[in-house]
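For the sequence shown, our numbering assigns the number 15 to the initial residue and increments by one for each residue that follows.
Here a beta-carbon is modelled for each residue, glycine too, at the ideal position from N, C-alpha and C.
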Amino acid sequence: KPGIVAHGIALKPGKPLCLAVVNHQERKIPVVVLPGFPTSAIFTFQEFVAPVLKCMAGKLVRNKKTIKATLPFRVNSERGRTEFLLVGLVQNNTNGEPGKTINSQYYAYPMGKGSGSVTAFAKADGFIVIPKKNEYLEADEIVDVHLIGKEIEPADLVIIGSHCIGLDYLISKLREIGITAKFLPVGSTGGLEAVKRNECDIAGIHLLDEQSNTYNQPFLNNEIELIKGYGRLQGFVFRPDDQRFAGKDLAEAIYIATHQSDLLMVNRNKGSGTRILIDRLLKNVRPSGYLAEVKSHTAVVASILQKRSDWGIAIQSAVENTDLCFIPIAEEHYDFVIPKSRLKRTEILAFLSLLRNEIVTKALNQFGLKTYD
């Protein structure tokens, strides 16, 4: 019978999928309407459409190659919907640590949730499936990772931690000299923990110790080297046509943002240095949109530009070349931490050389980042 067969499925991402049948010249034609967001469209096509097309073409439907991996931290999920979570794989290097056993060869780092990030899909090694009955997966839990490609493609450098425009630029310069880098944006706290567990080569962090009013150094141990990066300015971001914030200082803008329920914020991921700053500013207030988390400053800016949110906190360099308004909050130190055991690796030496290269430092300054002598 022509019409809609199903509209909406218990899948995340991919809920808006529509399956239907139409009449065409006395034939019944199946129709699939995929969700509009890229990641939703990819997952629903692979789950519902590709198997049918292969059967119609007489081809075998083969399951994707899977490998075992360990979750480095707890992952929350939404009960009632099966969730596909993109992950990046990192070699498990806990061998030799007292009290540590290797449960799997890899760690599976979540690449962020959401249906709109085609970049996350392009950078992911695979995905895990969280059953609809689960509200979370525990840290150190072993999961099956369904590989997106045929094999895992190892990078020359693994960088985990806080996102920054400057780091994006440095990675692009590494690529120019033939060095590949995998970057997993899990926030400053997650990056620091990854370095302590010897799971990555470099982590970008900006963590403020409130007692000493010092960035990053107080959080290190004797096995970690701190490499000075650059200063950057965090600020309150909103659209220029939003008269609710126009002409206001920071305190006034925060008050308005937390007392008007029709204003939507875009938040940063837990464990990021920016999220720590946000929670300090909000003082236990949870404004509308607080649960909407993204993993980068550029994602904050994109959300506000696309009117999916009204305000957020981001660095000044992410706002440049847009017409968004920026109220300064504080300058912070974005530094790099490296396991001392890896300092002499050729790829890390190349990264450190780039960081102090005159042309590179000039480019970073043009991004609004204050490099150190």
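Residues near residue i in its chain [Cβ-Cβ closer than 6 Å; skip 5 each side]
i: Y386; result: K242
i: E361; result: D170, L171, I193
i: T312; result: A332
i: Q105; result: none
i: G285; result: G201, T203, G204
i: F252; result: F259, W325, C339
i: C69; result: none
i: G261; result: none
Close beta carbons around residue i, own chain, < 7 Å, minus the five adjacent residues each side
i: P112; result: Any reading at P112 is ruled out, since the residue's pLDDT is 42, under 50, leaving its predicted position unreliable.
i: I191; result: A364
i: I33; result: In the sequence under discussion, the amino acid at residue 33 is Leu, which differs from the Ile named in the question. Here the set comprises V19, A20, V46.
i: K82; result: S118, I156, D158
i: K78; result: H160, L161
i: L234; result: L240, V351
Where residue i falls, given that 16 or more other Cβ within 10 Å makes a residue buried
i: R289; result: buried
i: I56; result: buried
i: Y150; result: exposed
i: N109; result: Note that N109 scores 46 on pLDDT, short of 50, meaning its location in the model is unreliable; the coordinates nonetheless yield the value given after this. N109 should be labelled exposed.
i: I43; result: exposed
i: K26; result: buried
i: Q330; result: buried
i: H220; result: buried
i: E228; result: Residue identity check: residue 228 is Thr in the sequence provided, not Glu. It counts as exposed.
i: I144; result: buried
i: P353; result: buried
i: G297; result: Correcting the residue identity first, residue 297 is Lys in this sequence and not Gly. K297 should be labelled exposed.
i: G22; result: exposed
i: K147; result: exposed
i: A64; result: exposed
i: M125; result: buried
i: K358; result: exposed
i: K164; result: exposed
i: D223; result: exposed
i: S355; result: exposed
i: E372; result: exposed
Residue from the options whose Cα sits closest to the Cα of residue i
i: L247; options: Q320, L234, Y348, P52; result: Y348
i: P86; options: L291, A138, E155; result: E155
i: A377; options: G261, Y183, S54; result: Y183
i: T203; options: K196, K187, I174; result: I174
i: Q320; options: I238, K262, L338; result: L338
i: I476; options: L366, A265, G303, A306; result: This structure leaves residue 476 out entirely; the chain is present only between 15 and 387.
i: V35; options: N335, P16, L222; result: P16
i: A217; options: D263, A153, F350; result: F350
i: E92; options: E334, K29, F62; result: K29
i: D215; options: L366, E40, K384; result: L366
i: P168; options: L383, N235, K137; result: K137
i: R370; options: V75, L74, K187, K73; result: K187
Beta-carbon proximity check, residue i vs residue j, cutoff 9 Å
i: Y121; j: T84; result: yes
i: L278; j: W325; result: yes
i: L198; j: Y269; result: no
i: K210; j: I238; result: yes
i: S3; j: V374; result: What the structure shows of the chain is the stretch from 15 to 387, and residue 3 is not part of that stretch, so it cannot be assessed.
i: L48; j: T58; result: yes
i: R294; j: V314; result: no
i: I327; j: L291; result: yes
i: T272; j: V299; result: yes
i: K384; j: E334; result: no
Anticipated Cβ contact below 8 Å, residue i with residue j, distance rounded
i: G249; j: F135; result: The pair is not a contact, with the Cβ atoms about 30 Å apart (cut-off 8 Å).
i: F141; j: L206; result: Rounded, the Cβ-Cβ distance is 26 Å, inconsistent with contact.
i: F381; j: G50; result: About 32 Å; that fails the 8 Å criterion.
i: R95; j: A24; result: 5 Å
i: G287; j: S176; result: 6 Å
i: S323; j: G303; result: 6 Å
i: F62; j: L103; result: At roughly 26 Å, the Cβ-Cβ gap does not stay under 8 Å, so F62 and L103 are not in contact.
Cutoff 8 Å; reference residue i; Cβ partners in own chain excluding five residues on either side
i: R189; result: A195
i: V308; result: G126, G128, V280, N281, R282, N283, V314, S317
i: E152; result: L85, R88
heavy atom of the ligand NAD below 8 Å from residue i C-beta
i: S367; result: The ligand NAD is absent from the structure shown, which contains no ligands of any kind.
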